[in-house]
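For what it's worth, this note's numbering labels the leading residue of the sequence shown as 243, then goes sequentially. Note that beta-carbon positions come from the ideal geometry of N, C-alpha and C, so glycine has one too. Please read these numbers as outputs of a predicted model, since none were measured by experiment.
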Amino acid sequence: MGPVPNYSVDTIYPACRSVVGEKEWARFTKQWAGAITSHSLSEMLSRQHDRSIPAFLSDLARLEETIFSVKENKGSIPAETNLPGVNPTLQIIEVSWKNLTEFLDPDQRGSSLHPIRTSERILVYYNLLAGRVIARPAMDEDLLVLKMVVEGISPETVAAQGKLPIGAVDRALFRASARGLVLTPPSRIRRDPAVFHSGNGIPDHYLSSPSFTLQWHVTQVCDLRCKHCYDRSDRTPMTLDQATRVLDELHLFCRSRNVAGAVSFTGGNPLLHPAFPEIYRAAAERGFTTAILGNPASRERIEELIAIQMPVFFQVSLEGLQEHNDSIRGPGHFDRIMAFLDVLRSLGVSSMVMLTLTSKNIDQVLPLAEVLREKTDTFHFNRLSMVGEGANLLLPDVRRYRPFLQSYLEAAKTNPVMGIKDNLINIIHRDRGLAPFGGCTGYGCGAAFNFVTLLADGEVHACRKFPSPIGNVHQQSIAEIYDSELAQRYRAGTEACRTCAIRPVCGGCLASTYSHNLNIFEDKDPFCFMHEHSRP
């Protein structure tokens, strides 16, 4: 590469220019006018013996030259790959000074940065997702993953040699992929293109999921008797050996579909399963992120789980303000939840409060959100599913639902704990010219798509909120269940939504349709107001 104009030199070496100052930089560019190229300043500085020039400047210049080279080579990154591979733009440089990457941050350049004279390896590569060059010190994990990918070493071999859980190796690979250091095959959890389409303001990324969640009701045993409980049937829970086999199956399934795995433990109360700590540990060892949907527990019990793996969240339920909530979930429940939220916060566990929306508590949602403003991290609601004990309660009046959602969205602007979840909110977003959001599961209705529900006795359902059996893990593999015609039918959703412009982020709620005694595969969610033409 030949000499470059001064403006290009300024662009290539902004950190060096900042370090030496404008006056000295002007002297450099004048002294070496026409000689500095995009790869020569470091070499020129290495031959200088001027004590006014920082000793680390040559290495900093080499780092910036590498960044420029990587940026020029970003076109070599393939759109997709069939096998894991190292990002082709990756360059690893070894420098004699630590902390040089801090000079690359424009916000840090005015502060007093002090490189340390010690060798350091720096990774420089272009991250397509971030749309920029990444330059950061190499970690041991990075180098291990690069060695695995380059030499084709299996995660099982690395885990055995390092005496590590296989999940630890898988997580390292996923982190490297998320950072763009390693390129991996695309997710195979993808929507059927014959049914789902992007466009109309719906980005392509809503058509495939990078993760898959098993919502696992490990036990039917519960310490509450809620008036809207979906299922009080007697189901025999799995033994530890059976549960471990399921987790091994899930691990293989997620790896074969090129997705990260997650397990949300629920029940009943999952903490009441006699082997729950062991099952939780087995999930963590296989690399799954873990969440808990349960009831208040002692501080010591939560600390026990944290010692195994920090849950991504712990979800509890409230059904409204104190009097109404306790009429549904039992006397004293509201106060126990409030105290438990404080325990979770003190332990650094992200908390989530879920409300089941009925005709009796719809007017309590916003007041409850205010009560929870300083108590939880996220507050959500789900519409009642009128199955099990829930058949004795009533859903809100359909005509009230759109105004309720509008009021909820308005309140959420100033209350950061109020989460946005219901698929139908995307209709309001569309009417207001706002970007869509992922809806209930991040991909509209995710039934049998990016999650399935596993019951205590091995039954697998597309969604827990209504009867939707698609298989049994004691008789079929998770892959066989997921690929079955019945599972495909559930994830295709209802025919009534096929032509809807926001289908990939909505699809209504199949449980709501079921609750109104309609055909879930043909009829639309009765709460849907997509074709009402009055704008908010």
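Determine the burial state of residue i: buried for a count of at least 16 other Cβ atoms within 10 Å of its Cβ, exposed for fewer.
i, result
"P479", "buried"
"K779", "There is simply no residue 779 to check, as the chain begins at 243 and stops at 778 in what is shown."
"T360", "exposed"
"S318", "exposed"
"Q557", "buried"
"G188", "Any property of residue 188 remains undetermined from this structure, which presents the chain solely from 243 to 778."
"N511", "buried"
"L676", "exposed"
"L636", "exposed"
"E306", "buried"
"T331", "buried"
"A372", "exposed"
"S649", "exposed"
"S601", "exposed"
How is the alpha helix (DSSP H) around residue i delimited, first residue to last?
i, result
"Y724", "I720 to D725"
"F310", "L299 to E314"
"Q403", "P397 to G404"
"L610", "V607 to V613"
"W267", "P256 to Q273"
"R662", "Note that residue 662 corresponds to Ile in the displayed sequence, not to Arg. Element bounds for I662: n/a, residue is neither H nor E."
"R417", "I408 to A420"
"H575", "H575 to S588"
"V640", "V640 to A654"
"E285", "L283 to S288"
Measure the alpha-carbon distance for residue i versus residue j and round it to whole angstroms.
i, j, result
"V607", "G562", "6 Å"
"D767", "T426", "37 Å"
"G700", "D382", "40 Å"
"I744", "N668", "7 Å"
"N248", "D584", "Low local confidence applies: a pLDDT of 45 at N248 is under 50, so the model's placement there is unreliable, with the coordinate-based value given in what follows. Going from the Cα of N248 to the Cα of D584 covers about 59 Å."
"I723", "Y522", "23 Å"
"D483", "R433", "34 Å"
"D301", "P256", "14 Å"
"L547", "A525", "12 Å"
"P573", "L388", "56 Å"
"T620", "L535", "13 Å"
"H470", "I334", "58 Å"
"M596", "N657", "16 Å"
"S754", "L614", "27 Å"
"D568", "L466", "11 Å"
"L287", "F530", "49 Å"
"V694", "R477", "18 Å"
"G735", "V501", "22 Å"
"R259", "D252", "7 Å"
"S396", "S419", "16 Å"
"V392", "R430", "23 Å"
"E344", "L355", "8 Å"
"D292", "S338", "18 Å"
"T481", "P516", "9 Å"
Assuming residue i is part of the beta strand (DSSP E), what are its boundary residues?
i, result
"I376", "R374 to P379"
"S601", "Counting along the chain, S601 falls outside any beta strand (DSSP E), and DSSP gives it neither H nor E."
"V437", "Unbroken run through V437: none, as it is neither H nor E."
"Y685", "Segment: none, Y685 is in no beta strand (DSSP E) and carries neither H nor E."
"I334", "Q333 to K340"
For residue i, name the three-state secondary structure that DSSP assigns.
i, result
"I570", "helix"
"H671", "helix"
"L385", "helix"
"I295", "coil"
"Q564", "helix"
"T323", "coil"
"R477", "coil"
"T455", "strand"
"V694", "strand"
"A704", "coil"
"M594", "strand"
"N634", "helix"
"Y472", "coil"
"F623", "strand"
"T360", "strand"
"A485", "helix"
"L425", "strand"
"S450", "strand"
"L365", "strand"
"V463", "coil"
"V214", "As displayed, the chain neither begins before 243 nor continues past 778, which places residue 214 out of reach and without an answer."
Could you tell me whether any non-hydrogen atom of the ligand ADP is closer than 7 Å to the CB of residue i?
i, result
"S300", "Only the bare structure without any ligand can be found here, which leaves the ligand ADP out of the picture."
Compare the C-beta of residue i with all C-beta atoms of chain C and state if any pair is closer than 8 Å.
i, result
"G688", "As a matter of chain content, chain C is missing from the structure shown, which is built from one protein chain."
For this session: Would you mind listing the beta strand (DSSP E) stretches within the segment 714-765 that are 3+ residues and don't spill past its ends, in chain order?
Result: DSSP runs (the beta strand (DSSP E)) wholly in the segment 714-765: none.
Problem set entry | 3 or more residues per run - each beta strand (DSSP E) lying fully within the segment 487-572 | 502-508, 531-535 and 556-559
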